[in-house]
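Protein chains in written order, with the UniProt record's numbering: chain L, 1 to 131; chain Z, 1 to 559. Even glycine gets a Cβ: it sits at the ideal position worked out from N, Cα and C. Below: the structure, in structure tokens.
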Amino acid sequence: MDKKKIRVLVAKPGLDGHDRGAKIVARALRDAGMEVIYTGLRQTPEQIVETAIQEDVNVIGLSILSGAHTHLFPRIMELLKENKVEDIVVIGGGVIPEEDIYELKKIGIAEVFTPGTNTKDIIKFIQEKVK
Amino acid sequence: MFNAEEINKIKKSRLKWESNTLKNTLPFFSERKDKFVTGSGKEVARLYTPEDLEEFDYNTQLNFPGQYPYTRGVQSTMYRGRLWTMRQYAGFGTAEESNKRYKYLLEQGQTGLSVAFDLPTQIGYDSDHSMALGEVGKVGVAIDSLKDMEMLFDGIPLDKVSTSMTINAPANILLAMYIVVAEKQGVSLNKLKGTIQNDILKEYIARGTYIFPPAPSMRLITNIFEFCFREMPLWNTISISGYHIREAGATAVQEVAFTLADGIAYVEAAINIGLKVDDFAPRLSFFFNAHNDLLEEVAKFRAARRLWAKIMKERFGAKNEKSLMLRFHTQTAGCTLTAQQSDNNIIRVAMQALAAVLGGTQSLHTNSRDEAMALPSEGSVRIALRTQQVLAYETGVTETIDPLAGSYYIEFLTNDIEKQALKYIEKIDKLGGASRAIEQGFMQQEIQNSAYRYQEEIEEGKRIVVGVNKFRIKEKPPKGLLKVDPEVEHHQLMKIKKLKESRDNHKVKATLNALEKAAQTEANLMPFILDCVRSYATLGEICTILRGIFGEYKESIKL
Chain L
1 MDKKKIRVLV AKPGLDGHDR GAKIVARALR DAGMEVIYTG LRQTPEQIVE TAIQEDVNVI
61 GLSILSGAHT HLFPRIMELL KENKVEDIVV IGGGVIPEED IYELKKIGIA EVFTPGTNTK
121 DIIKFIQEKV K
Chain Z
1 MFNAEEINKI KKSRLKWESN TLKNTLPFFS ERKDKFVTGS GKEVARLYTP EDLEEFDYNT
61 QLNFPGQYPY TRGVQSTMYR GRLWTMRQYA GFGTAEESNK RYKYLLEQGQ TGLSVAFDLP
121 TQIGYDSDHS MALGEVGKVG VAIDSLKDME MLFDGIPLDK VSTSMTINAP ANILLAMYIV
181 VAEKQGVSLN KLKGTIQNDI LKEYIARGTY IFPPAPSMRL ITNIFEFCFR EMPLWNTISI
241 SGYHIREAGA TAVQEVAFTL ADGIAYVEAA INIGLKVDDF APRLSFFFNA HNDLLEEVAK
301 FRAARRLWAK IMKERFGAKN EKSLMLRFHT QTAGCTLTAQ QSDNNIIRVA MQALAAVLGG
361 TQSLHTNSRD EAMALPSEGS VRIALRTQQV LAYETGVTET IDPLAGSYYI EFLTNDIEKQ
421 ALKYIEKIDK LGGASRAIEQ GFMQQEIQNS AYRYQEEIEE GKRIVVGVNK FRIKEKPPKG
481 LLKVDPEVEH HQLMKIKKLK ESRDNHKVKA TLNALEKAAQ TEANLMPFIL DCVRSYATLG
541 EICTILRGIF GEYKESIKL
């Protein structure tokens, strides 16, 4: 049986240019057999959601290291709801303090992966979530 | 250092040692790994001996401190004369808050300032721009106009401190603001000491805060070279940075190679607009990373110094000794900090700082233990600064110059890093120089490959990160992390509104128009930008004009 490939959008919301993590995750997911689209830097929430819809992705991975996650992640979740694509699994990563993770999960972010995460854990998480 | 006969003798003894002592030991005490590598993944031999330095010549390869090729340091007395400048990169929230942090750091014995700007400032957006949402004051201080800059340095005499500003795409504007603040304090420009990062090429390669395409960006950079040559003789006009290249995942060799390749591009750009190499080269400065592998890092700094001296002398025919000297700032490697057992970062930072000092740095920033999680708290910054002070006053490593010189391993590594970096530079030359290589994504791709390899090694357990893939414990989330006041954004918006109501808007318009006209000629834009700043035009307004004329850079993405 030919299983459909999981489609993932790796996105950099906000203005920070730290893309080492995003690029490593993108490559690891691709090596694990997923279809990966990487947005590049400085994406607005609107651009990210639009790309996610156009590319018909199962998962959005948001990478941010500037601290702007408290503003930008909720905005992205809102837009997903407005566009009725809440079924897209949203995960995040970057420099995100523990207390913020709790708040982000409350608004529907499925998981937040902080520095030191093994890419295999991210792969496993996505594979289990998207079945 | 050794003649052929001596080397031959050593070789004989080595073979004997290998076939007797070593051969008898290995079956009982096998080595921990099949292959030993440096932090950059370069294979390390069991032992280094004079055999590895066969062609070694003290006078040409090392010489004395303050003498070509400056392998042993750029000053003849090094830290016996003056210690490095302890310069902690800092800034967050509003100008008022950052001003307080600077005064605190100066009281604690810090010897220079280093300004961190928030991302909207670095990318040329005012705090009220839609792209700035959520970013205002987060990773640095928000500066929208001269008003903020006046507040930032309030009560800090600019003729007494040296200031480093991490600003690139809009460097000319922030430098202009600094100049006008100095004028208002009554400090003449030829007394101003400090550094502006002003290095756009590494933004395209690794750091990401670019605005304009390469050609107009290079023009803005050389405008600063030219202006400062005439007006600010003590100012470092650029800080050619390998730091972020390394943070993005480059190896030590790649860090040296790509940084010096960028340096070559700046020197060529300045010569192309008619500057003489010895007029601007003495004010070029550098910025490197201090990563985990202590000895490799020491060798890296020494290799970079030697290679740059040769490039300036042989390739550009520089005559002034100061043009040949690679002076550099160092920051410990942020990418090595772990969120797990974060106090361990204090130890990592201490080792990395030691590497910088043994490598002869001119100034140093030590990271704080909590930076894998947030901006550093005041207490963490103090430990980071104390780490430098312990190194400077207690360890004794400052008392003699370049103390590791002559170590077979250090000299071998220094030679090797220089050689490998030169190969890369030749490759970049073939691609048409740094700007062209960046457009083709060459450096970016090389760095990504190194970063991916490094991550794989960690995940496969080949590379141990203490507390992350070994020696793990269950721990509670850390307390006392710094949180930027969410009111900052609101506060900045109010300030801009008030400013736009109170300034002479006709004057603002006139200066912006003049800049717009000048940008379409070949003129040096510094005087025009200074006029805009004096009229309290905002950073965003000035950048909007320049965006209109120059356009914006689009990154080339290859995974």
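Based on the DSSP output, what are the partners of residue i in its beta bridges?
i	result
Gly-93/Z	Val-141/Z
Ile-196/Z	Met-165/Z
Glu-18/L	Going by the sequence as given, residue 18/L is His instead of Glu. In the DSSP output, where bridge partners are listed per residue, His-18/L has none listed.
Ile-37/L	Leu-9/L
Glu-43/Z	Val-37/Z
Glu-111/L	Ile-91/L
Val-357/Z	Note: Val-357/Z sits in no beta bridge, so no partner.
Trp-235/Z	Gly-194/Z
Phe-287/Z	Ser-241/Z, His-329/Z
Output, in chain order, the set of chain L residues within a Cβ distance shorter than 7 Å of residue i.
i	result
Glu-487/Z	Here the premise fails: no neighbours, minimum Cβ distance about 14 Å.
Lys-138/Z	Ser-66, Gly-67, Ala-68
Leu-481/Z	Pro-97
Gln-88/Z	Here the premise fails: no neighbours, minimum Cβ distance about 19 Å.
Ile-123/Z	Leu-15
Pro-27/Z	In chain order: nothing, as chain L lies at least about 36 Å away.
Taking C-alpha atoms, which residue in the options lies nearest to residue i?
i	options	result
Gly-91/Z	Leu-220/Z, Glu-231/Z, Pro-486/Z, Gly-140/Z	Gly-140/Z
Ile-545/Z	Leu-559/Z, Ile-529/Z, Glu-555/Z, Arg-534/Z	Ile-529/Z
Ala-269/Z	Ile-542/Z, Ser-502/Z, Ser-435/Z	Ser-435/Z
Ala-116/Z	Arg-283/Z, Glu-255/Z, Lys-16/Z, Pro-376/Z	Pro-376/Z
Glu-522/Z	Gly-155/Z, Ile-549/Z, Lys-509/Z, Lys-507/Z	Ile-549/Z
Asp-278/Z	Tyr-70/Z, Val-256/Z, Pro-233/Z	Pro-233/Z
Gln-254/Z	Gly-467/Z, Ile-211/Z, Gly-242/Z, Lys-430/Z	Gly-242/Z
Lys-497/Z	Ala-304/Z, Ile-10/Z, Ser-127/Z, Gly-81/Z	Ser-127/Z
Gln-492/Z	Ile-143/Z, Glu-150/Z, Tyr-68/Z	Ile-143/Z
Ile-60/L	Arg-42/L, Lys-120/L, Gly-40/L, Ile-91/L	Ile-91/L
Leu-47/Z	Glu-55/Z, Val-37/Z, Phe-56/Z	Val-37/Z
Gly-39/Z	Asn-20/Z, Arg-101/Z, Thr-336/Z	Thr-336/Z
Ile-96/L	Ser-63/L, Leu-9/L, Val-36/L	Ser-63/L
Lys-313/Z	Lys-300/Z, Gln-340/Z, Ala-281/Z	Ala-281/Z
Ser-342/Z	Leu-22/Z, Ala-421/Z, Met-149/Z, Glu-371/Z	Glu-371/Z
Leu-113/Z	Tyr-102/Z, Gln-122/Z, Glu-107/Z	Tyr-102/Z
Leu-295/Z	Met-218/Z, Arg-219/Z, Asp-416/Z, Asn-320/Z	Asp-416/Z
Ala-519/Z	Phe-212/Z, Glu-247/Z, Tyr-266/Z	Phe-212/Z
Ile-458/Z	Glu-35/L, Ala-52/L, Thr-119/L, Ile-126/L	Thr-119/L
Asp-154/Z	Glu-97/Z, Pro-403/Z, Leu-53/Z	Glu-97/Z
Cys-532/Z	Gly-109/Z, Ile-173/Z, Asn-8/Z	Ile-173/Z
Thr-121/Z	Pro-157/Z, Leu-175/Z, Leu-105/Z	Leu-175/Z
Lys-427/Z	Val-161/Z, Tyr-79/Z, Phe-258/Z, Lys-11/Z	Phe-258/Z
Glu-5/Z	Pro-50/Z, Leu-26/Z, Asn-20/Z	Pro-50/Z
Lys-322/Z	Gln-455/Z, Gly-66/Z, Pro-157/Z	Gly-66/Z
Tyr-409/Z	Glu-226/Z, Ser-535/Z, Pro-477/Z, Lys-42/Z	Lys-42/Z
Contact defined as beta carbons within less than 8 Å: I believe residue i pairs with residue j. What is the distance between those atoms, to the nearest angstrom?
i	j	result
Leu-525/Z	Asn-223/Z	5 Å
Met-165/Z	Ile-196/Z	5 Å
Thr-332/Z	Val-349/Z	5 Å
Leu-83/Z	Ala-392/Z	5 Å
Val-388/Z	Thr-366/Z	It should be pointed out that residue 388/Z corresponds to Gln in this sequence rather than to Val. The Cβ separation is near 5 Å, so the contact holds.
Leu-539/Z	Gly-124/Z	6 Å
Tyr-79/Z	Thr-398/Z	4 Å
Closer than 7 Å by beta-carbon distance: list the chain Z residues that pair up with residue i, in chain order.
i	result
Gly-116/L	Thr-338, Ala-339, Gln-340, Val-468
Leu-72/L	Gly-134
Which bits of chain Z does residue i rub up against, with CB to CB less than 9 Å?
i	result
Lys-120/L	Glu-459
Run through chain L and tell me which residues come within less than 9 Å of residue i, C-beta to C-beta.
i	result
Met-373/Z	Val-95, Ile-96, Pro-97, Glu-98, Thr-114, Pro-115
Pro-120/Z	Leu-15
Val-552/Z	With the sequence shown as reference, residue 552/Z is identified as Glu, and Val is not the correct amino acid for it. Ordered by position in chain L, no residue passes the 9 Å Cβ test against Glu-552/Z, which lies about 10 Å from the chain.
Pro-214/Z	Correct list: empty, because the minimum Cβ distance to chain L is about 16 Å.
What in chain L is Cβ-close to residue i, meaning under 8 Å?
i	result
Thr-209/Z	Leu-15, Gly-17
Phe-131/Z	Checking the sequence, you will find Met at residue 131/Z rather than Phe. The contacting residues are Leu-15, Arg-42, Thr-44.
Leu-559/Z	Lys-23, Ala-26, Arg-27, Arg-30, Val-36, Tyr-38
Val-187/Z	What Val-187/Z touches in chain L: nothing, since even the nearest Cβ is about 33 Å away.
Val-484/Z	Gly-67
Glu-555/Z	Gly-40, Leu-41
Less than 8 Å between CB atoms is the rule here; does residue i satisfy it with respect to chain C?
i	result
Gly-92/L	Protein chains in the displayed structure are L and Z, and chain C is not among them.
Worksheet item: Between the segment 26-44 of chain L and chain Z, which residues of the former have CB atoms less than 8 Å from a CB of the latter, in chain order?
Response: Ala-26, Arg-27, Ala-28, Arg-30, Val-36, Tyr-38, Gly-40, Leu-41, Arg-42, Thr-44
Practice prompt. Scan the segment 9-27 of chain L for residues whose Cβ lies nearer than 8 Å to a Cβ of chain Z and list them as they occur along the chain.
Written response: Gly-14, Leu-15, Asp-16, Gly-17, His-18, Asp-19, Arg-20, Lys-23, Ile-24, Ala-26, Arg-27
Worksheet entry | Interface residues of the segment 438-465 of chain Z facing chain L [CB-CB below 7 Å] | Gln-448, Ala-451, Tyr-452, Gln-455, Glu-459
Practice prompt. Report the residues of the segment 220-252 of chain Z with a CB closer than 9 Å to any CB of chain L, ordered along the chain.
Written response: His-244, Glu-247, Ala-248, Gly-249
Worksheet item: Between the segment 156-176 of chain Z and chain L, which residues of the former have a C-beta closer than 8 Å to a C-beta of the latter?
Response: none
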